[in-house]
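Engineer: Next up is a structure, given as structure tokens.
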């Protein structure tokens, strides 16, 4: 069984991952509305990955003999003035997700919960990659918009599986 504090954080993380999926779907919708289907495809995939993360946390809670308690998922409040603002919001959100996972990990270390630490290792690695991807996306956008190559960047993003 999980320590109560760790259980509460992980249960909350499930809901945060689902909120992340909503947020990325909202960003995908923004790009669709702006006529950039490549960007939309990229963020749709991000949304799907967040649901996968929620499901992994969900399964872990049950593997530990606990019950998942789902909470209401807030509607993302996003109003972007420009494309860059949407990309920046994604980067900032990934940093927030990293901090949430780090909080769970730190508590698991404090509590000597090695099983939870091992479970979270993949998410620590994943968050490093997610922040790098979001930061790279922003850098590519900045370069492309200065060089007038937004169309090419959009085509590149559309190729993501």
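In our numbering, the protein residues as written are 7 to 167.
All residues carry an ideal CB built from backbone N, CA and C; glycine is no exception.
Would DSSP call residue 61 helix, strand or coil?
Structural biologist: Taking the first residue of the chain shown as position 1, residue 61 is located at position 55. Three-state result, residue 61: helix.
Engineer: Could you tell me whether the stretch 49-64 touches the stretch 17-31, where touching means 3 or more Cβ pairs closer than 8 Å?
Structural biologist: Yes: at least three Cβ pairs fall under 8 Å.
Engineer: Using a Cβ distance threshold of 8 Å, determine whether the stretch 141-161 contacts the stretch 110-120, with at least three qualifying pairs required.
Structural biologist: At 8 Å Cβ cutoff, the stretches do not touch.
Engineer: So which of 128, 51, 19 has the shortest CA-CA distance to residue 33?
Structural biologist: To locate residue 33, count along the chain shown from 1; it is residue 27. The shortest Cα separation from residue 33 among 128, 51, 19 belongs to 51.
Engineer: Give the DSSP-derived three-state secondary structure of residue 114 in the structure shown.
Structural biologist: Residue 114 sits at position 108 when you count from the first residue of the chain shown. Correct three-state label for residue 114: helix.
Engineer: Measuring straight from C-alpha to C-alpha, what distance separates residue 62 and residue 122?
Structural biologist: The residue given as residue 62 occupies position 56 in the chain shown. The residue given as residue 122 occupies position 116 in the chain shown. Approximately 12 Å between the Cα atoms of the pair.
Engineer: Who are the near neighbours of residue 43 in its chain, counting only those whose CB is closer than 8 Å to its CB and skipping five residues on each side?
Structural biologist: The residue you call residue 43 lines up with position 37 of the chain shown. Once the five neighbours on either side are set aside, the close Cβ partners of residue 43 are 37, 160, 164.
Engineer: Please state the DSSP three-state secondary structure of residue 33.
Structural biologist: By one-based count along the chain shown, residue 33 stands at place 27. Residue state, collapsed to three classes: helix.
Engineer: Alpha carbon to alpha carbon, how far is residue 77 from residue 111?
Structural biologist: As a first step, residue 77 is located in the chain shown; it is residue number 71 there, counting from the start. As a first step, residue 111 is located in the chain shown; it is residue number 105 there, counting from the start. In a straight line, the C-alpha of residue 77 is about 22 Å away from that of residue 111.
Engineer: Which residue from 128, 16, 149, 145 puts its Cα closest to that of residue 69?
Structural biologist: The sequence position of residue 69 within the chain shown is 63, counting from 1. When only C-alpha atoms are compared, the closest one is 16.
Engineer: With 16 as the cutoff for other CB atoms within 10 Å, does residue 65 come out buried or exposed?
Structural biologist: To locate residue 65, count along the chain shown from 1; it is residue 59. Its Cβ having fewer than 16 others within 10 Å, residue 65 is exposed.
Engineer: Tell whether a beta-carbon distance below 8 Å holds between residue 47 and residue 166.
Structural biologist: The count along the chain shown starts at 1 and reaches residue 47 at position 41. The count along the chain shown starts at 1 and reaches residue 166 at position 160. Closer than 8 Å, so yes.
Engineer: Taking only three categories from DSSP, how would you classify residue 86?
Structural biologist: Position 80 of the chain shown, counting from 1, holds the residue named residue 86. DSSP places residue 86 in coil when its eight states are reduced to three.
Engineer: Let me know if residue 149 comes out buried or exposed under the rule of 16 or more other beta-carbons within 10 Å of its beta-carbon.
Structural biologist: Position 143 of the chain shown, counted from the start, is the residue given in the question as residue 149. Result: exposed.
Engineer: Taking its Cβ as the centre, do 16 or more other Cβ atoms sit within 10 Å of residue 12, making it buried, or is it exposed?
Structural biologist: If you number the chain shown from 1, residue 12 lands on position 6. So residue 12 ends up on the buried side.
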